[in-house]
Structures are given as structure tokens and as C-alpha cells.
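First to last, the protein sequences are chains A and B.
Anchor point for the first sequence: position 80 equals 82 in our numbering, and the numbering is continuous, going up by one each time.
Anchor point for the second sequence: position 3 equals 7 in our numbering, and the numbering is continuous, going up by one each time.
Where a beta carbon is used, it is the ideal one built from N, C-alpha and C, also for glycine.
All values derive from a computational prediction rather than experimental measurement.
A short write-up of the structure that comes next.
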Amino acid sequence: AQSVTQLGSHVSVSEGALVLLRCNYSSSVPPYLFWYVQYPNQGLQLLLKYTSAATLVKGINGFEAEFKKSETSFHLTKPSAHMSDAAEYFCAVSGASGTYKYIFGTGTRLKVLA
Amino acid sequence: DSGVTQTPKHLITATGQRVTLRCSPRSGDLSVYWYQQSLDQGLQFLIQYYNGEERAKGNILERFSAQQFPDLHSELNLSSLELGDSALYFCASSPAQGRTEAFFGQGTRLTVV
């Protein structure tokens, strides 16, 4: 069965500091991995996706993530946090078991301090 | 704008009632997914349809049912509602099944009183 674990339900960073949100996945087959962002009272918006091409994936708003098979990780980073990055971030996995449903992590709420 | 439309945006209803949530996927997308988001359960996968056929089932209660119509829109029916069913219900669509990203609607916030 596939699963996703996001370490840290809340992360606080200062404006301008590095953002690192952690995601580890479990999958018996090559996964497709995604990061989504959710702003208050809105739906989920795709930040970036890994679909077995380049292991370093660049997304919108300056975010990127690196797929590391040996560590079963897909951590999300941004070099310099902006106040507008404050939101909840979800890691998701799909692509196995013939059903292709998207399994989401529990989310990480990012707070950016002025 | 993701291109996925969900109606209504808000719904307040009493316990024991039945409601229908509607989702129009992005043009051309064949897969529709339903998710429930609540504070204590997070984002829970409920059910997936692909081109009118049920393809995957998650933690969907027997009181809940869904279908996808020939024009590809989908409806989620929730019956015998309980206070614990209060949540944000999201619909998502994708052109294929899981190999590409899913596009999410804005959600329907259901409040059961």
C-alpha cells in the first residue's frame, strides 16, 4: 500500500529564511509524487510534481523538491521565504496498485515570521 | 482557477437529512475524485470514477454514494447526515489516472447542525 508521511505539522520560519518541508513516501512501485498548497478557504493548488523524469523538480513560486529514492523522500524547499508563502502544504503520492488514487499526507502548516 | 467547479460552495443542513454535492471536472478530464477534509481526519480519499465507472474506493461510508454521468460531471450524495459529517468536500479531476496531477475545485463546506 502507498502512504505519505509529512514530518512536522507546523513549521515556522523567518521571512527570507530557507523553507524545508519534509515528505517521506512508501510505495512498492515507482511513485508519482506531488506537492500541493492550500490557502485558507481555498482548494488545493499544485506546486510541483515528480513523474520519473528529472529528480530535481522546480515548481511555482520558487519552490523545488528533490526525489531521493534511497531515502524515499521528496522534501520541498524554497531558498527565501515570503510572507505570502504562509499556507498549508500537502505531499501526495499516486501511481501504484492499479487504482491511481492520490494519497495525501497530513499536511504541514507553514508560518512565516516578519 | 483550476477549471473544476463545485456547487454549492456552502451547505448547512440538519442531522438526518440528505444532500447532493455536484462537481464539473475540467474539460476533457475523465477521472473524478472525491475527498473529505476535516480537522481531525485530514484529507481522506472517498471515491474515484473514470469515464463513468467506479475505479477506486477509499474511506467512504455506506451512507455516502457517488456517480459520474455520461457528460462526466459527478455527484456525491450524503444521506442520514450526522454532526461528524461536517467537513470540506473536494472534487478533483485529472485527464488520466494518477499519472498526472489532479486539479482541485474550491470545495463544498458542509455544516450539519
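- Residue environment for Val6 (chain A): buried (at least 16 other C-beta atoms within 10 angstroms of its C-beta).
- Under the three-state reduction of DSSP, Gly88 (chain B) is assigned to helix.
- Taking C-beta atoms as the reference points, Ser98 (chain B) and Asp5 (chain B) fail to come closer than 7 Å.
- Under the rule that a run must span 4 or more residues, no alpha helix (DSSP H) segment is found entirely inside the region 27-115 of chain B.
- Residue burial is scored here from C-beta neighbours: His12 (chain A) has fewer than 16 other C-beta atoms within 10 angstroms and is therefore classed as exposed.
- If you ignore the 5 residues before and after Phe76 (chain A), its C-beta comes within less than 7 Å of the C-beta of Cys25, Tyr27, Leu35, Tyr52, Ala67, Phe69 and Cys93, all in its own chain and listed in chain order.
- In the DSSP assignment, Ile16 (chain B) falls within the unbroken beta strand (DSSP E) covering His14 to Thr17.
- Collapsing the DSSP output to three states places Ser86 (chain A) in a helix.
- Between Tyr53 (chain B) and Gln72 (chain B), the C-beta gap is smaller than 7 Å, which places the two residues in contact.
- When C-beta distances to chain A are compared with 7 Å, the residues of the region 56-67 of chain B below that value are Arg59, Ala60 and Gly62, in chain order.
- A direct Cα-to-Cα measurement between Asp89 (chain B) and Ile64 (chain B) gives close to 11 Å.
- Excluding sequence positions up to five before and after Gly107 (chain A), its CB lies within less than 8 Å of the CB of Val6, Thr7, Gln8, Cys25, Phe92, Cys93 and Ala94, all in the same chain and listed in chain order.
- Contact between Lys103 (chain A) and Phe107 (chain B) is absent: CB atoms are separated by about 15 Å, not below the 8 Å threshold.
- For a Cβ distance threshold of 7 Å, residue set Phe92 and Phe106 of chain A lies close to Leu47 (chain B), ordered along the chain.
- Contact check between the region 74-90 of chain B and the region 19-26 of chain B: three or more CB pairs, one atom from each, fall below 8 Å, which counts as touching.
- In chain order, Thr112 place their CB closer than 7 Å to the CB of Pro12 (chain B), counting only its own chain and leaving out the 5 sequence neighbours on each side.
- With contacts defined as CB atoms closer than 7 Å, Leu22 (chain A) and Thr79 (chain A) qualify as a contacting pair.
- Per the coordinates, the alpha-carbon of Thr19 (chain B) lies some 49 Å from the alpha-carbon of Ser72 (chain A).
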